[in-house]
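Numbering (UniProt numbering), first residue to last: 1 to 184.
We put the CB at the ideal spot given by N, CA and C, even for glycine.
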């Protein structure tokens, strides 16, 4: 949309911070890359232009679900145990995204299923956060290949057939500033 305020669906800065955490944390990056590849994949199981999903919108929706779980005090025990809140929120966010990945891929979901899938994800995030966190911990300790993640080859004719899809770090581009912008 044109209004970032409505695009963030009530998640505010946390929605952006979790997205950055996901793509910048060394342990989470392989998972983020695989989910991004799946989100862009056109022919994972059957040809359909509706098979892929909007990565960032799903990310914001997962943050919204995590915030709701926190507000409903479903994470209090884990936050108290670890003596941390943001780390628990980030881990639950990544765990929920891992669950979304697995369901989307193995159940051959399409964009038409996304509403139902988000409801299912919301239920498991609120009712079984510890189970999701253990699943993420297992994934991180074993690595992507053992965690049920497989590299997908990009869709034929999709424009990226031989390129590796990768995230660019926010510090990578070197920008030369001119005039007034240089003085700031």
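Item                                                                                                                     : Value
Validate contact between the region 70-80 and the region 18-36 using beta carbons, cut 8 Å, 3 pairs                      : no
Buried versus exposed, by CB contacts within 10 Å (16 or more), residue 137                                              : exposed
CA nearest to the CA of residue 135, picked from 24, 9, 31 and 11                                                        : 31
Buried/exposed call for residue 91, threshold 16 Cβ in 10 Å                                                              : buried
Spatial distance of residue 74 from residue 118 (CA atoms)                                                               : 18 Å
Buried versus exposed, by CB contacts within 10 Å (16 or more), residue 27                                               : exposed
Cβ neighbour criterion (16 or more within 10 Å) applied to residue 59                                                    : buried
Per-residue DSSP class, three states only, for residue 126                                                               : helix
Nonlocal neighbours in the same chain, by C-beta distance under 6 Å from residue 126, ignoring five residues either side : 69 and 74
Residue 112 burial status per 10 Å Cβ neighbour count (16 or more: buried)                                               : exposed
Three-state secondary structure assigned by DSSP to residue 134                                                          : helix
Endpoints, the alpha helix (DSSP H) within which residue 60 is located                                                   : 55-71
Neighbour-count burial assignment, residue 97, 16 or more Cβ in a 10 Å radius                                            : buried
Status (buried if at least 16 other CB within 10 Å, exposed otherwise) for residue 123                                   : exposed
Residue 39 versus 13, 114 and 66, residue with shortest Cα-Cα distance                                                   : 114
Sub-8 Å separation of residue 93 and residue 34 beta-carbons                                                             : no
Sub-8 Å separation of residue 121 and residue 95 beta-carbons                                                            : no
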